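Enquirer: Going by the numbering used here, the residue at position 452 of the sequence shown is 1502; the numbering climbs one at a time, nothing skipped.
Starting off with a structure, shown below.
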Amino acid sequence: MNQRIIARQFHVNGIVQGVGFRPFVYQLAQRHGLAGQVANTSAGVTIAVEGPAEAVAAFERDLPVQAPPLAVITAIQAQAIAPEGLQRFDIATSQAQALRATLVSPDVGVCADCLAELFDPADRRHRYPFINCTNCGPRYTIIEDVPYDRPKTSMRRFVMCRRCQAEYDDPANRRFHAQPNACPVCGPQVAFWDPQGFPVDTPDPIGHAADLLKNGAVLAIKGLGGFHLAVDATNPEAVARLRSRKLREEKPLALMAADLEQVKAFACFAEAEQALLLSVQRPIVLLAKRYPNPIAGAVAPANPYFGVMLPYTPLHCLLLDPGFTALVMTSANRSDEPICIANAEALERLAGIADGFLVHDRDIYLRSDDSIVRHLEGGQRFVRRSRGYVPVPVFLSKALPSVLACGAELKNTVCLTRGNQAFVSQHIGDLENLAALDFFQMTVAHLQRILDIQPQLVACDLHPDYLGTVWARQQGRLPVIGVQHHHAHMAACMGEHHLPGPVIGLCLDGTGLGSDGAIWGGEVLVGDFAGFERAGHLAYTPLPGGAAAIKQPWRMGLSHLMATFGQGWADLDLPLRQQVGAEPLAFVARMVQKQVNCPPTSSLGRLFDAVAAVCGLRQTVSFEGQAAMELEMVADRGEMRPYGFQIDAGTGVYRILPQTIVASVVHDLVAGTPVAKVSARFHATVIAAFGDVAARVGRDRGLNTVVLSGGSLQNAILLTGLTRFLRARGLAVYSHTQVPCNDGGLSLGQVLVAAAAKA
Ligand code: ZN
Ligand code: ZN
Ligand code: FE
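Printed below as a string of C-alpha cells:
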C-alpha cells in the first residue's frame, strides 16, 4: 500500500460561497483522513490537502461529485504543492484577492431542516422568522461586497450570541459559516407598525398581521427582495380595496399559498409545474385556474391563469400558518415604480395604500422582485427572471471582452459579462421614471462591484429616447455600441443555445426601433452576432399617435381597417364603433389619412392589438400587451384552421400583407362567427404566415436553424404552433429557457452583438 505523503491544491470556481461548500470540504477531508486548509477567496474557494496519495486521489474524485446541492462548480484547477507536515484540517478566514472570479449565490427558499425547527416547540428557534442555514436563506439581496462574509452583508450589525457563534464555528454544524445565522436572542426582529409608523404593542406581530388580513386589511409585508402588499385572496372587498389604492387596475395579482394542498383548491398543476413550485428558487408559477374556485374574481380578471408561489421565507410560512387558502402577495409599489425595500421608504411611498406594516430590521441591500415562470413546450419559460435566479450567469460558448448592456425601455434588465459568463440582472422594470432610473444605476454599480467587472464597452438600444440609451451616451467614459432591438433578441437566443450562426431569427414583439427608422416587431432576420439582414417582415401599417396606440388598441384596429378597406371601413358593422365612439374614430382616421404622427410599423404585437379591438374584446389597456393576451385567452384551440394569407416578395424581401388577414377576420365577424373561433383562426394564420416565410428564407439561403425570440412568444399558442410548424418542415428550432423571450432578455443579446462588433 502506498503511504507516500503528497499535497495538492485546488482552486474551485463557481457558486461555492454561501452554499455550505467549506463545511462540505472539511467533512470530505476528515472522511479521507487528510490535513490541510480550505479558504473562501474572491476568486472562489481554495483548498490544500495533504496525506497519503490514494486518499488525496479519492478526495479529488469525490470533490465535484458530492458537492452540496446549491453549489455550482464551473471549474476546478488542481496542482501539486509541497507537503508541509500539517496535522489537521482548518477552515481559514476569508481573504480578498485581486481577481474576483467567484459567483454570488442567489437567495434561496427556506429548507426542510429549518422548517422542521421553525415549527418544533422544543427548538430554540421555534417560530423565529429569520431561521436559516448554509442550505437556505438570503444571499444576493443582503450582499454589499465580496467575498461573501458576514461583515460584507446587512447582517453585520447583529452580533451573534454564544450559541449561534458556536454553530457558526463548528464545521460539523449545518450553520457552519452561515453568514445570516441568527436566533431570537441575537438576530433581527419583526415588528408591526400602524399606518403612521408607530409600533403596535403585541407579543406576536406576525399573528397580529394574520388577524388583520383575515379581517380584510391591506398590509405591507417586508420580505426577501422587497415589500409585498398582501390581502386575503378569498375576500373580494379586500382585493378591490388593494386594486383601487394601488392604481393597478387590471394586471393579475400573484398569490401565495401555504402548500400544494392549498394550491389544489384553486389551480391545476402537473408534475413539471409542481417541481417549479417546490424548487428552491420559489418563483411565481403560472397555473391554470380550477373552476369553481374560492379566489376573488378581481385577482386575475379575464385570465385563465393564476400566478402562484409557495412561501419562501420563514416569515411567510408563519404568516400563512393560520389557514389562509391564499394571500395576494404583490410587489409593493405605486403603479410602475420599483418595489419598496427600506422601512422608512415603505412608510412614505405606501401611505394611503397599506393599513399596517409588518417590518423587520434586517436591511435589504438590493431589491429583487419575485420571478415568474411557466412550463411550456417542454421547458421552463421565464416571464420575469429575478429573485432566486439572479445572479447565476448564463454560460456562453466562449469568453467575451467585458461589456455592459443597458437593456430595453420596458421590462428592463442590464447585463455584464466576465469571460464566458453573462450576468443578467434582476428585473429593474419600466425605465419610465426617475425612481426606476436610480434603481438601474444602483444595479449597474452593484453588479460591477460584487462581480468585479470593469466593462470596456457599453451596449444600448438604437432608440435615442430610451433612458438606458441616454445613460449610455452620457456616461462619456466608455465606447458605446447601439444594437438594433430585434438583432439583440435573436442574439440572446443564439447565446443561450451556443449557436454561432448564421441562423434565421424569428423576432416577434410589440416595439423596437428598426434600422430604417420604422417601428419593427414582426421580423424574419438572417445573421449572426456580427450582423443581420432583414429577410422578411410584416408589411408596414401606420401607427397612429405612436406610444398612444399602445394604450389604445382601437387606434391600431382603425389603422388596419383603413389599410384593408379604405373609406369602406366606415360602413362595417363592428363593435368597435360603439365602444370607441364616432368622434375619436374620426379624429384618428384624419391622422392616418394625413400621415400625421403615424410612423410605419411592422409590429406583430400591434396587429394582435388591432384584431383584439376589431373583435370588440378591448379598446384600451392598462399595460402593454393586455389586449393581445386577452385575444390569446379566448381562442378556441379546437379551431386552428388558418385563413389565407399573402406574401409579397417583389422587392427581394418577404412581406406578409396584414390586409388579407384583417379582411378574413372582419368577414368572419360580420358573418357572426364567435370571437373564440376568429381568434383561433387568426393565431393559426400568423403561425402559418411567419412559419412559411422562415421556411422559404431557410430554403433560399441554405439555413436550417431558427431561433424564436421577442415578447409575442409569451403567447403559448404562437410558441407551440411555430415550434411545431417549423420542426415539421425539417428546421431545428430554439427558444428561450434561461432568460425571458420578452425585453427582459434583451440585455443578453446586446452584450453578444456589441462584443462581436468590437472584435
Ligand atoms: Zn435551512
Ligand atoms: Zn443567537
Ligand atoms: Fe422586444
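For every residue, glycine included, the Cβ atom is placed at its ideal position computed from N, Cα and C.
Just so we're clear, the structure is a prediction, and the values are computed from it rather than from any experiment.
If we ignore side chains and look at the alpha-carbon of each, how far apart do His1227 and Ala1325 end up?
Expert: Spanning the two alpha carbons is a distance of roughly 29 Å.
Enquirer: Can you tell me where the alpha helix (DSSP H) holding Asn1393 begins and where it ends?
Expert: Taken as a continuous stretch (DSSP letters only), the alpha helix (DSSP H) holding Asn1393 covers 1393-1399.
Enquirer: Pull up the distance between the alpha-carbon of Cys1510 and that of Leu1563, whole angstroms please.
Expert: Their backbone Cα atoms lie some 12 Å apart in a straight line.
Enquirer: Quick one: what's got a C-beta closer than 7 Å to Val1069's C-beta in the same chain, skipping five residues either side?
Expert: The residues are Pro1118, Leu1120, Ala1121, Ser1155, Thr1184.
Enquirer: Hey, would you say Arg1058 sits closer than 8 Å to Ala1128, going by beta carbons?
Expert: Yes, the pair counts as a contact, with Cβ atoms nearer than the cut-off.
Enquirer: If contacts are defined as beta-carbon pairs under 8 Å, then Pro1302 and Val1349 qualify, I think. What distance do you get, rounded to the angstrom?
Expert: 7 Å between Cβ atoms; contact.
Enquirer: Taking Cβ positions only, does Met1679 come closer than 8 Å to chain C?
Expert: Absent from the structure: chain C. Only one protein chain is present.
Enquirer: Give the straight-line distance between the Cα atoms of Phe1242 and Pro1443, rounded to the nearest whole angstrom.
Expert: Approximately 37 Å between the Cα atoms of the pair.
Enquirer: Asp1698 and Ala1589 look like a contact to me (Cβ under 8 Å); what is the Cβ gap, rounded to whole Å?
Expert: Right, the Cβ-Cβ distance comes to about 7 Å (below 8 Å), so this counts as a contact.
Enquirer: When you compare the region 1088-1102 with the region 1192-1201, are there three or more beta-carbon pairs, one atom per stretch, that lie closer than 8 Å?
Expert: Result yes; three or more Cβ-Cβ pairs closer than 8 Å.
Enquirer: Give the DSSP-derived three-state secondary structure of Leu1781 in the structure shown.
Expert: Of the three classes helix, strand and coil, the one that applies to Leu1781 here is coil, per DSSP.
Enquirer: Which ranges would you report for the alpha helix (DSSP H) in the region 1162-1217 if only whole runs of at least 4 residues count?
Expert: The qualifying runs are 1162-1168.
Enquirer: Quick check on Met1612: does DSSP put it in helix, strand or coil?
Expert: Helix, per DSSP.
Enquirer: Just to confirm, are Arg1434 and Pro1388 a CB contact at a threshold of 8 Å?
Expert: No, these two residues do not count as a Cβ contact at 8 Å.
Enquirer: So Ile1554 and Val1574 are in contact, right, with Cβ under 8 Å, and what is the actual spacing, rounded?
Expert: Confirmed, about 7 Å.
Enquirer: So what does DSSP say about Thr1045, is it helix, strand or coil?
Expert: The shown model of the chain, from 1051 to 1809, leaves out residue 1045, and the question about it has no answer.
Enquirer: Indicate, with yes or no, if ligand 2 has a heavy atom lying under 7 Å from the CB of Val1235.
Expert: True, at least one ligand heavy atom lies under 7 Å from that Cβ.
Enquirer: Where do the ends of the beta strand (DSSP E) carrying Lys1264 lie?
Expert: Run containing Lys1264: none in the beta strand (DSSP E); it sits in the alpha helix (DSSP H), 1255-1264.
Enquirer: Where do the N-terminal and C-terminal ends of the beta strand (DSSP E) with Met1359 fall, by residue?
Expert: Counting along the chain, the beta strand (DSSP E) containing Met1359 begins and ends at 1355-1359.
Enquirer: If we count the other Cβ atoms within 10 Å of its Cβ and call it buried at 16 or more, is Leu1149 buried or exposed?
Expert: Low confidence applies here, because Leu1149 scores a pLDDT of 43, under 50, leaving its location unreliable; read the following figure in that light. Its Cβ having fewer than 16 others within 10 Å, Leu1149 is exposed.
Enquirer: With 16 other CB atoms within 10 Å as the buried threshold, where does Ala1320 fall?
Expert: Looking at its Cβ environment, which holds fewer than 16 other Cβ atoms inside 10 Å, Ala1320 is exposed.
Enquirer: Is Asp1420 closer than 8 Å to Ala1304 when the C-beta atoms are compared?
Expert: Yes.
Enquirer: Below 8 Å CB to CB, which residues in the same chain sit around Gly1266 once its five sequence neighbours on both sides are set aside?
Expert: Result list for Gly1266: Val1281, Asp1282, Asn1285, Glu1287, Ala1288, Arg1291, in chain order.
Enquirer: Cβ of Ala1228 within 7 Å of any heavy atom in ligand 2?
Expert: No, ligand 2 has no heavy atom inside 7 Å of this Cβ.
Enquirer: Check whether the Cβ of Asn1185 lies closer than 7 Å to any heavy atom of ligand 1, and answer yes or no.
Expert: Yes, since a heavy atom of ligand 1 falls inside the 7 Å radius drawn around the Cβ of Asn1185.
Enquirer: Is Asp1793 close to ligand 3? I mean its beta-carbon at under 7 Å from any heavy atom of the ligand.
Expert: Checking the Cβ of Asp1793 against ligand 3 gives yes.
Enquirer: Could you check the C-alpha separation between Ser1596 and Asn1483 for me, to the nearest Å?
Expert: First, the residue type needs correcting, since residue 1596 is Gly and not Ser in the sequence shown. Their Cα atoms are separated by approximately 19 Å.
Enquirer: Does the contact criterion of 3 or more C-beta pairs under 8 Å hold for the region 1362-1374 versus the region 1254-1274?
Expert: Verdict: yes, contact present.
Enquirer: Please say whether Val1684 and Gly1607 have beta carbons closer to each other than 8 Å?
Expert: No, the Cβ-Cβ distance between Gly1607 and Val1684 is not below 8 Å.
Enquirer: What are the residues that DSSP puts in a beta bridge with Leu1269?
Expert: For Leu1269, which the question treats as bridged, DSSP gives the partners Ala1280, Gly1406.
Enquirer: Throw me the rounded Cβ distance for the Gln1629 and Gln1602 pair, which I believe falls under 8 Å.
Expert: That pair is no contact at about 11 Å.
Enquirer: Measure how close the beta-carbons of Thr1770 and Ser1785 come, nearest whole angstrom, since I'm counting them as under 8 Å.
Expert: That belief does not hold up - the Cβ atoms of Thr1770 and Ser1785 are roughly 10 Å apart, past 8 Å.
Enquirer: Within the region 1479-1539, note down every full alpha helix (DSSP H) run reaching 4 residues or more, in order along the chain.
Expert: Taking only runs of at least 4 residues, the alpha helix (DSSP H) segments lying wholly in the region 1479-1539 are 1484-1501, 1517-1525.
Enquirer: For the beta strand (DSSP E) that Leu1426 lies in, which residues bound it at each end?
Expert: Leu1426 -> beta strand (DSSP E) spans 1422-1426.
Enquirer: To the nearest angstrom, report how far apart Gly1428 and Leu1763 are at their CA atoms.
Expert: Distance between the alpha carbons of Gly1428 and Leu1763: 15 Å.
Enquirer: Run the CB neighbour count on Pro1253, radius 10 Å, all protein chains shown included, and call it buried at 16 or more, exposed below.
Expert: Result: exposed.
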